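S.K.: Below: one structure in structure tokens.
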Amino acid sequence: MKHVSFTLPSISASVSCMDLMNLQSQTEECEKAGISFFHYDVVDGRFNQCFILGDSLLEALAVSTDLPIEVHLAVYEPETYIERFAKLGADYIAVQYEAMANPPAIFDLIRKYDAEPVLCYKSVTAPGPDFLSLAKETAWILKLTVQPGFSGQQIQTQAIEHIKTMRLLLSEAGLSTPIQADGNVNASTVPLLASAGADIFTGGSSGLFLKNSPLKENVSKLLRIANLNTIGNNY
């Protein structure tokens with residue numbers, strides 16, 4: 004598998020917001036712009052009322068890039084998807100806390116297929132009593148700041164509060180686990196997210212892939228804003 008080489012803060016690119024008709028050129032542009040990895044959403048139509056991306060596109064992306072790919076399984080019964088997506092090129096697999104009956108078993112299954120687990124929380128889900136024990140087993144935490152599956156939503160303030168709580172819990176436990184924010188990430192929201200404790204920012208239609216604004220400039224701008232507002236976590 005390909006590992007993310009962390010220099011925080013970092014930017015990842017949401018594949019669902021890319022120009023998929025020109026996947027190769029868009030992938031190369033993202034790489035040159037300085038993103039750390041690709042974020043690939045999979046929604047099953049049940050966990051949320053839409054469908055996003057499939058397995059054939061992941062296979063094409065995996066052979067088009069040397070950067071790691073994080074597959075976000077916004078699905079029920081994630082164990083039925085893990086082997087297929089791992090074999091097609093997922094380096095990290097994010098699974099929804101709300102969809103797992105036995106998170107440690109799911110994490111073990113992900114590792115079995117040579118990928119690393121990422122723990123994901125919906126925008127409305129606060130960290131529970133098992134947060135720290137699960138965080139210790141994952142590469143990072145993915146916190147959705149909008150509902151999964153639909154672009155163009157406004158950031159949810161409760162999700163920012165959850166990030167603050169997560170960072171406090173991690174810090175008090177002596178853990179440096181990164182927190183990834185996904186949803187309505189742009190120049191206006193990054194200060195709120197970074198000051199709350201997020202250090203990986205997944206850019207999409209509102210902050211990264213903008214008309215009449217070069218991708219490389221957008222990445223640099225988000226990183227600059229994140230650095231100015233970071234709470235000073237060192238990883």
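Numbered according to my numbering, the sequence shown spans residues 4 to 238.
Ideal placement from N, C-alpha and C gives every residue a C-beta, glycine not left out.
None of these values were measured; they are calculated from a predicted model.
Taking 8 Å as the cut-off, does the region 159-177 touch the region 199-209 (at least 3 CB pairs, one atom from each stretch)?
M.R.: The region 199-209 is in contact with the region 159-177.
S.K.: Pull up the distance between the alpha-carbon of isoleucine 166 and that of leucine 64, whole angstroms please.
M.R.: Spanning the two alpha carbons is a distance of roughly 30 Å.
S.K.: Quick one: what's serine 13 bridged to in DSSP?
M.R.: Partner(s): Ile203.
S.K.: Taking Cβ to Cβ, would you say tyrosine 124 is nearer than 8 Å to glutamate 86?
M.R.: No, Cβ-Cβ distance for tyrosine 124 and glutamate 86 is not below 8 Å.
S.K.: If the criterion is Cβ atoms closer than 8 Å, does the pair proline 120 and alanine 142 meet it?
M.R.: Against a cut-off of 8 Å, the Cβ pair of alanine 142 and proline 120 comes out as a contact.
S.K.: Are alanine 77 and valine 127 close, meaning C-beta to C-beta below 8 Å?
M.R.: Not in contact: alanine 77 and valine 127 (Cβ atoms no closer than 8 Å).
S.K.: Ignoring anything shorter than 4 residues or poking outside the region 157-237, list the alpha helix (DSSP H) runs there in chain order.
M.R.: For the region 157-237, whole alpha helix (DSSP H) runs of length 4 or above, ordered along the chain, are 160-175, 193-199, 218-232.
S.K.: Is there contact here, the region 23-37 with the region 90-105, by at least three beta-carbon pairs under 8 Å?
M.R.: No: the two stretches stay apart, fewer than three of their Cβ pairs being nearer than 8 Å.
S.K.: Any idea if leucine 91 is buried or exposed, counting beta-carbon neighbours within 10 angstroms, 16 or more meaning buried?
M.R.: Label assigned to leucine 91: buried.
S.K.: Comparing alpha-carbon positions, which option in His6, Ser28, His42 lies nearest alanine 16?
M.R.: When only C-alpha atoms are compared, the closest one is His42.
S.K.: Can we say the region 181-193 touches the region 209-227, given the rule of at least three CB pairs closer than 8 Å?
M.R.: The answer is yes - the region 209-227 touches the region 181-193, with three or more Cβ pairs under 8 Å.
S.K.: Just to confirm my understanding: we take glutamate 168, look at its own chain, exclude 5 residues before and 5 after, and list those with CB closer than 8 Å. What are they?
M.R.: Note that residue 168 is threonine in the sequence shown here, rather than glutamate. Within the same chain, threonine 168 has close Cβ partners Ala129, Pro130.
S.K.: Let's test the definition: count the other Cβ atoms within 10 Å of the Cβ of lysine 61 and tell me whether it reaches 16, buried, or not, exposed.
M.R.: Sequence inspection shows leucine at residue 61; the lysine mentioned does not correspond to that position. Buried.
S.K.: From Leu218, Arg227, Leu178, Gln27, pick the residue whose C-alpha is nearest to that of leucine 137; which is it?
M.R.: If we check each option's Cα against that of leucine 137, Leu178 comes out closest.
S.K.: In terms of residues, what are the limits of the beta strand (DSSP E) holding glutamate 119?
M.R.: Element bounds for glutamate 119: 119-124.
S.K.: Could you compute how far the alpha carbon of tyrosine 79 sits from the alpha carbon of glutamate 73?
M.R.: Rounded to the nearest angstrom, the two C-alpha atoms are 18 Å apart.
S.K.: For valine 18, I'd like the list of residues in its chain whose CB is within less than 6 Å of its CB, leaving aside the five on either flank, ordered along the chain.
M.R.: Here the set comprises Phe41, Tyr43.
S.K.: Starting from the C-beta of arginine 170, find all residues in its chain whose C-beta is less than 6 Å away, skip the five residues before and the five after it, and write them out in chain order.
M.R.: Here the set comprises Gly200.
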